[in-house]
Amino acid sequence: MDTLALCIPAYNAEKYLPRLLNSAKKQAIPFNEIWVYNDCSTDGTANVAENYGACVLQGDVNRGCASGKNRLAEITTCDWIHFHDADDDLLPNFTTEVHQWIKERGSEFDVLLLNFDYTDAHTGKLLSRPNHDSEQLHADPLRYAINNKIVNFGVYKREAFLKAGGFDLDEKVLYNEDNAFHQRLAKHNYRFDYLPKVTCINYRYSESMSASNVLKCARANYHVLLKTASTHGQKYPLELARQLWLCIATLASCQDWEYVHKAIDLSKRLGYPYSPEGSTGFKLLTRINPFFGAWAREKMIRLLKPHLRNG
Numbered sequence: 010m011d012t013l014a015l016c017i018p019a020y021n022a023e024k025y026l027p028r029l030l031n032s033a034k035k036q037a038i039p040f041n042e043i044w045v046y047n048d049c050s051t052d053g054t055a056n057v058a059e060n061y062g063a064c065v066l067q068g069d070v071n072r073g074c075a076s077g078k079n080r081l082a083e084i085t086t087c088d089w090i091h092f093h094d095a096d097d098d099l100l101p102n103f104t105t106e107v108h109q110w111i112k113e114r115g116s117e118f119d120v121l122l123l124n125f126d127y128t129d130a131h132t133g134k135l136l137s138r139p140n141h142d143s144e145q146l147h148a149d150p151l152r153y154a155i156n157n158k159i160v161n162f163g164v165y166k167r168e169a170f171l172k173a174g175g176f177d178l179d180e181k182v183l184y185n186e187d188n189a190f191h192q193r194l195a196k197h198n199y200r201f202d203y204l205p206k207v208t209c210i211n212y213r214y215s216e217s218m219s220a221s222n223v224l225k226c227a228r229a230n231y232h233v234l235l236k237t238a239s240t241h242g243q244k245y246p247l248e249l250a251r252q253l254w255l256c257i258a259t260l261a262s263c264q265d266w267e268y269v270h271k272a273i274d275l276s277k278r279l280g281y282p283y284s285p286e287g288s289t290g291f292k293l294l295t296r297i298n299p300f301f302g303a304w305a306r307e308k309m310i311r312l313l314k315p316h317l318r319n320g
């Protein structure tokens, strides 16, 4: 039977870890290893993890989540790895469903994407589920990864993870590391599958890193797209251009005109000096002058719908 590790990067997570580690301990099929990477926390994260029986890997300097995941992948001896943020949760069926998939299909694939409930942490309201498209995922994992920002709910063959180099530690992609990671795996021609049954809970917190750093996330997204354009731009010009123009909209909302220019220039190099999607008026404006089109749309939003920008 293949082995499965739960690997948790954690920084000041003492108030969240008990929930996650409790759910891990209640699985019908135990995890073969449970690791917590303590990224130089200033609270009792390490003690909580040890009290729940997890193995703790202590970081020497606060290096961030991606670095912690790479360290955990190096130290575990399991065949498969599941990374899980300390402030999210597992459902009771997790290991049963994953082991069943490994038994039936693990020899055919290197990456298993998971379905999850995206839930408001304060109200408990279900916000969405990813519901990945298995057919598209099987047909072309990289096209799918470009078109859909895949977040970190997956199970990965450890050998493939290490050969690919794990998470990209380039600071420029720091706030989009999950997106960069899955595109990296797809570039290595790894095979992706999807488990539609919900096995995890991803909580939305108003103070989360992504919610608090919209501009940094948008800039990081640009750099992820830049890296993929440099290696696969000729194969996926339209897909990359679409994502760049979505990125441009976010950058414009933050009035980061420097990066708007950069993203437009990259889209031009891909053969799309204008927006390939959007309203007829917006596409026409970007054909006349792409920067003016992005600038004008943002000005109109601020004039006619200021509530979308307040706060």
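Note that this note's numbering gives residue 281 to position 272 of the sequence shown, counting from 1, and the numbers run on in steps of one.
No residue lacks a Cβ here, since even glycine has one placed at the ideal position from N, Cα and C.
Bear in mind that the values here come from a model prediction, so they are computed numbers and not experimental data.
| Span of the beta strand (DSSP E), counted from its first residue to its last, around residue 46 | 42-47
| said: By DSSP's criteria, residue 143 is part of a beta bridge. Which residues make up the other side? | reply: According to DSSP, residue 143 bridges with nothing at all.
| If you follow the alpha helix (DSSP H) that residue 268 is part of, which residue opens it and which one closes it? | 266-278
| field | 7 angstroms Cβ shell around residue 191 - same chain, five flanking residues per side excluded | value | 154, 159
| request: Report yes if the CB atom of residue 45 is closer than 8 angstroms to the CB atom of residue 17, and no otherwise. | output: yes
| task | Could you pull out every unbroken beta strand (DSSP E) segment of at least 3 residues lying fully inside the stretch 93-168, listed in chain order? | result | 120-129, 135-137, 163-166
| message | What would DSSP say about residue 231, mapped onto helix, strand or coil? | response | helix
| query | Is it buried or exposed for residue 85, if we count other Cβ within 10 angstroms and need 16 for buried? | reply | buried
| query | What are the boundary residues of the alpha helix (DSSP H) that includes residue 31? | reply | 26-34
| request: Assess, as a yes-or-no matter, whether the stretch 220-228 is touched by the stretch 252-271 under the definition of 3 or more beta carbon pairs within less than 8 angstroms. | output: yes
| said: Counting C-beta neighbours from all protein chains within 10 Å, is the total for residue 240 16 or more, i.e. buried, or is it exposed? | reply: exposed
| query | For residue 317, is the classification buried or exposed, using 16 other Cβ atoms within 10 angstroms of its Cβ as the cut-off for buried? | reply | exposed
| query | Which partner residues does residue 18 have in the DSSP bridge list? | reply | 46
| task | Report back the beta-carbon spacing between residue 79 and residue 48 to the nearest angstrom; my notes put them in contact at under 8 angstroms. | result | Between residue 48 and residue 79 the Cβ distance is about 12 angstroms, and since that is not below 8 angstroms, they are no contact.
| By Cβ distance, which residues of its chain are closer than 6 angstroms to residue 128, with the 5 residues on each side in sequence left out? | 135, 210, 212
| When you compare each of 259, 15, 24, 186 to residue 38 by their alpha carbons, which one comes out closest? | 15
| query | Of the residues 106, 179, 306, which one's Cα is nearest the Cα of residue 235? | reply | 179
| Is the stretch 58-68 touching the stretch 108-126, taking contact as three or more C-beta pairs under 8 angstroms? | no
| request: Within the same chain, show all residues whose beta-carbon is closer than 7 angstroms to that of residue 53, passing over the 5 residues directly before and after it, in chain order. | output: 23
| message | Classify residue 161: buried if its beta carbon has 16 or more other beta carbons within 10 angstroms, exposed otherwise. | response | buried
| With DSSP run on the structure shown, which of helix, strand or coil describes residue 64? | strand
| task | Taking residue 299 as part of the alpha helix (DSSP H), name the residues at either end of that continuous run. | result | 299-313
| request: Using only alpha-carbon positions, find the residue among 131, 286, 36 that is nearest to residue 299. | output: 286
| field | Bounding residues of the alpha helix (DSSP H) (the contiguous stretch that carries residue 321) | value | Residue 321 lies beyond the stretch modelled for the chain, which goes from 10 to 320, so this question has no answer here.
| message | Helix, strand or coil, according to DSSP, for residue 176 in the structure here? | response | coil
| message | Let me check understanding here. Comparing Cα to Cα, which of 288, 141, 87 lies closest to residue 254? | response | 288
| message | Here's a check: name, in chain order, each residue in its chain whose Cβ is nearer than 7 angstroms to the Cβ of residue 250, leaving out the five neighbours to either side. | response | 276, 279, 281, 285
| message | Could you give the first and the last residue of the continuous beta strand (DSSP E) run that contains residue 39? | response | Unbroken run through residue 39: none, as it is neither H nor E.
| task | State the Cα-Cα distance for the pair residue 143 and residue 92, rounded to the nearest angstrom. | result | 21 angstroms
| message | Can you give me the C-alpha to C-alpha distance between residue 51 and residue 99, rounded to a whole angstrom? | response | 25 angstroms
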